[in-house]
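One structure is given here, and the rest of the page talks about it.
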Amino acid sequence: MPYPHMLAPLDLGHVTLPNRVLMGSMHTGLEERGDWGRVATYYAERAAGGAGLIVTGGMAPNPEGGVFPGAAGLYVDADIANHRQVTEAVHAAGGRIAMQILHAGRYAYGPDCVAPSALKSPIAPFTPRALDEEGIEKQIADMVTAAERARAAGYDGVEIMGSEGYFINQFLCAATNHRTDRWGGHYANRMRLPVEIMRRTRAALGRDFLIIYRISLIDLVPGGQSFDEVTRLAHAMEEAGASILNTGIGWHEARVPTIATSVPRAGWAWVTRKLMGKVGVPLITSNRINTPEVAEELLAGGAADMVSMARPFLADPEFVAKAASGRAAEIAPCIACNQACLDHTFQGKISSCLVNPRAGFETELNYLPTDAPRKIAVVGAGPAGLMAALVADRRGHDVTLFEADSRIGGQLNMARVIPGKEEFHGLVGWFEGEVARSNIAVQLDTRATPEALGRFDAVIIATGVAPRDPQIPGQDAPHVLRYTDVLRGGAPVGARGVVVGAGGIGFDVSEYLVHDGDSATEDLALWQREWGVADPDQAPGGLAEGGPRPAPPARAVTLVQRSRGKPGKKLGKTTGWIHRASLAARGVKMLGGMEYRRITPDGLVIFRDGQEETLPADTIVLCTGQEPERGLANALSQTGCEVHIIGGADVAAELDAKRAIDQGARLAAAL
Ligand code: NAP
Ligand code: SF4
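If you use my numbering, the sequence shown corresponds to residues 11 to 681, in order.
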């Protein structure tokens, strides 16, 4: 059997899970829209795909505990019927599902938020109200009632969210709990809240119900728990009735990345391993586990009893089923980009997936067999063209894919060379595999001509983008490069670089230039040094004394933009701060409000605050955005053939792989 540890059943007494894979909690954004049939279909697909146990997105136990006003929850009996649609669909698909009870405490985006002490979080807008004794009792009672309602709705269990800096975690740390009553002060008092919640929930629900506790094993904030304290809590939660302990890593306000793509794979499993053997209940490890190989290695090596994966189940609902049937190579990889999932959540949008646009849209985006197969040409094998070709092929169309380059991937091939973006190798590899397994006729090194395209019933133009010409006087000098010269052509760059344009690509190029081949993402010890992570046995909370110790930069880099303000504001909601912090740590100067006057042999002459200044540079790299590549589309418009334009060739502004893949999939689903 492949992956024998990952696919081994787990006996929990009253229930046996079929394998060691938990689909971890992720907010979908569907619940707030009241479309519970869609929520049910979303989870049922993942149950059918083999997840051993599913945990829902966080559900508030009462209005004040909601992440934002109106956030999904289970605090009125009338909602039980909605949740029952979900549990029935999951059970019908052969799965099991637990509901996560999430009380946000001071992280709630609402004026009614409550916490142990009236201390505002740096990432939330409201100062919480400090609860009195009666208020604390009410919160506990509401959580127990939410668990009872969850059972009434047919859930197989609940997960009590005790990590990530939410309400319970706020009680556990002295930094956020300044109370002097029996809920604050020494650790026995600070951990009273989770212990009471667990004890009373177990008492209310009896033995035959799963209660998972998500324990913060490493807080990654100043004043975080020591590992002794965490271990004490783990024992107490086991004694109070927890069935399983799931790993939580870092508070949301932590300034250490915990799940971003630049975090090494399984880069936090060592923390779970520290607790292994110290408690009798199964332990689940989590964060940046995205392939069956990594999961198997962790379980075989004794890092945990189960692995949790959340985002990988967005990328591919059939993760487990494919692994179990020898089709692991077919698993669409989660590249940990957050672009369509967590970034969407924080923008109030439906959580989906860059790699799998069907995620969250299972009831409306389906790749059904066509009853009228057509000959379709796709021009351009970047993300938009690849997805369009794959979906059209899957539906039964006769697809030919033209690519001028000698390999597929388009702009993804530039992303993959950036230190910290190694996951893009896997994405390109997956596309290569999918194309090889399909019936698509691939013509590499081929520029499609209007004549050659004349024999097709429909043509999909996915010819991508060309770099925008910023028209800076002097830009034709030999020390001026375009980002494509650097990332695709490997053109040499001098010791002092100025990067012009601070969009996603300007940031990527800067990251590339300050490294000299070493990527901390592939070296956990190096990565921990760069971000200041320490063993919580030595440093409470896991923050190294002395802070981050980044490697010296390979070059001196200045990154500039014309807009006022700090560069990087438009980067991903949940990852932009990581890119900014990473460049700042390597000494990159990030400057806004520039007017570009000219380029001289000495560097870039800019104008700001009423005067000219030269930013010295041996090399200047232009990353000034892109324009649609439409030459072929324009030529075809004269021929009368059916033409569809997608990806960057359609709209270059704000282009990213998410929009390209989504557009390709949706077009091909409708052809
Ligand atoms: P972009 O995000 O549109 O940024 C273009 C940059 O060039 C901006 O800084 C813009 O800022 C500047 N610019 C625009 N027109 C200019 C002109 N005529 N002269 C001088 N400067 C000009 O484009 P991009 O960086 O090429 O990225 C393309 C897409 O890929 C983006 O959507 C991006 O999000 C995505 N991407 C994302 C990531 C990521 O990390 N998530 C990484 C790579 C790419 P000013 O106008 O202020 O100068
Ligand atoms: Fe993973 Fe990115 Fe998809 Fe989110 S959007 S599930 S991080 S690939």
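Backbone N, C-alpha and C define an ideal beta-carbon position, used for all residues, glycine too. Only a predicted model underlies this, so the values are computations on that prediction, with no experimental measurement involved.
What is the rounded straight-line gap between the Cα of residue i and the Cα of residue j?
| i | j | result |
| --- | --- | --- |
| THR459 | GLU433 | 34 Å |
| ALA310 | HIS15 | 6 Å |
| GLY436 | LEU203 | 43 Å |
| ALA535 | ASP545 | 11 Å |
| ARG200 | THR241 | 14 Å |
| ASP495 | LEU454 | 21 Å |
| ALA175 | ASN297 | Per the sequence shown, the amino acid found at residue 175 is Gly instead of Ala. Cα to Cα, GLY175 sits roughly 16 Å from ASN297. |
| PRO232 | ARG275 | 25 Å |
| ALA6 | HIS354 | Within the shown structure, residues of the chain are numbered from 11 to 681, placing residue 6 beyond reach of any answer. |
| VAL289 | VAL427 | 42 Å |
| GLN95 | TRP46 | 7 Å |
| ALA564 | ALA505 | 8 Å |
| ALA320 | TYR119 | 24 Å |
| GLY258 | ILE450 | 43 Å |
| GLY419 | ILE671 | 12 Å |
| ALA678 | THR373 | 17 Å |
| LEU396 | ALA659 | 14 Å |
| ARG478 | ALA663 | 11 Å |
| ARG78 | THR301 | The question names Arg, yet the displayed sequence has Phe at residue 78. Computed Cα separation, rounded: 33 Å. |
| GLU55 | ARG106 | 12 Å |
| ASP408 | HIS654 | 16 Å |
| ILE606 | LEU491 | Residue identity differs from the one stated: residue 606 is Tyr in this sequence, not Ile. Each residue's Cα considered, the two are about 16 Å apart. |
| PRO611 | ALA566 | 17 Å |
| ALA184 | ARG30 | 35 Å |
| GLY474 | GLN149 | 53 Å |
| PRO322 | ARG608 | 47 Å |
| SER448 | GLY575 | 48 Å |
Note the first and the last residue of the continuous alpha helix (DSSP H) segment covering residue i.
| i | result |
| --- | --- |
| PHE136 | Unbroken run through PHE136: none, as it is neither H nor E. |
| THR410 | Run containing THR410: none in the alpha helix (DSSP H); it sits in the beta strand (DSSP E), 408 to 412. |
| LEU642 | 641 to 647 |
| PRO393 | 393 to 404 |
| ILE671 | 667 to 680 |
| GLY586 | 586 to 595 |
| LEU255 | No alpha helix (DSSP H) holds LEU255; the beta strand (DSSP E) holding it covers 254 to 259. |
| MET11 | Segment: none, MET11 is in no alpha helix (DSSP H) and carries neither H nor E. |
Our contact map puts residue i next to residue j with C-beta atoms below 8 Å; I'd like the distance itself, whole angstroms only.
| i | j | result |
| --- | --- | --- |
| GLU413 | GLY439 | No, GLU413 and GLY439 are not in contact; Cβ-Cβ is about 16 Å, not under 8 Å. |
| TYR223 | MET208 | 6 Å |
| GLY406 | PRO367 | Not really, about 20 Å apart at Cβ, beyond 8 Å. |
| THR97 | VAL154 | Wrong, their Cβ atoms sit about 19 Å apart, outside the cutoff. |
| ALA339 | VAL508 | 42 Å between Cβ atoms; not a contact. |
| MET604 | GLY578 | So it is not a contact: roughly 15 Å between Cβ atoms. |
| TYR53 | ALA99 | 7 Å |
| LEU523 | VAL503 | 6 Å |
| PHE177 | ALA114 | 6 Å |
| ALA468 | ARG384 | 6 Å |
| ALA125 | PRO138 | 4 Å |
| ILE386 | LEU681 | 7 Å |
Please name the residue in the options whose C-alpha comes closest to that of residue i.
| i | options | result |
| --- | --- | --- |
| THR282 | ALA554, ASP533, LEU227 | LEU227 |
| VAL205 | ALA81, GLU249, ALA387, ALA162 | GLU249 |
| LYS580 | PHE237, GLN357, ASP660 | GLN357 |
| ARG572 | VAL330, ALA70, PRO480 | PRO480 |
| ASP528 | ALA561, ALA501, GLY474, GLY597 | ALA561 |
| THR26 | ALA331, GLY83, VAL266, PRO292 | PRO292 |
| TYR13 | MET33, ILE655, GLY260, MET316 | MET316 |
| LEU22 | ILE254, HIS188, ARG559, ILE150 | ILE254 |
| MET171 | ARG217, ALA157, ARG457 | ALA157 |
| VAL49 | LEU324, ARG596, ARG498, GLY514 | LEU324 |
| ALA425 | ILE655, THR271, GLU442, PHE371 | THR271 |
Got a sec, what are the start and stop residues for the beta strand (DSSP E) residue i sits in?
| i | result |
| --- | --- |
| VAL65 | 63 to 69 |
| ALA57 | Run containing ALA57: none in the beta strand (DSSP E); it sits in the alpha helix (DSSP H), 46 to 58. |
| THR295 | 293 to 295 |
| HIS654 | 652 to 655 |
| MET33 | 31 to 33 |
| LYS385 | 385 to 389 |
| GLN636 | 636 to 638 |
| LEU632 | 629 to 632 |
> What are the start and end residues of each continuous alpha helix (DSSP H) run of 4 or more residues lying completely inside the region 76 to 117, in chain order?
Replying inline: The region 76 to 117 contains these whole alpha helix (DSSP H) runs: 90 to 102.
>> If we require 3 or more residues per run, which beta strand (DSSP E) segments fall completely within the region 602 to 627?
In response: Entirely contained in the region 602 to 627, the beta strand (DSSP E) runs reaching 3 residues are, in chain order, 605 to 610, 613 to 618, 621 to 626.
> Fully enclosed by the region 435 to 502, which alpha helix (DSSP H) runs are 4 residues long or longer?
Replying inline: Assignment of alpha helix (DSSP H) within the region 435 to 502, counting only whole runs of 4 or more residues, yields 460 to 463, 493 to 497 in chain order.
> Where in the region 155 to 242 do unbroken runs of the alpha helix (DSSP H), each at least 4 residues long, occur, reported from the N-terminal end onward?
Replying inline: Runs found: 177 to 182, 197 to 200, 202 to 215.
>> Just to confirm the assignment: which complete beta strand (DSSP E) runs, minimum length 3, are found wholly within the region 495 to 582?
In response: Qualifying beta strand (DSSP E) stretches, in chain order: 506 to 510, 566 to 570.
>> Please give the ranges of any alpha helix (DSSP H) in the region 273 to 351, keeping only runs that are unbroken, at least 4 residues long and fully inside the region.
In response: Here the runs fully enclosed are 279 to 285, 302 to 310, 321 to 325, 329 to 334.
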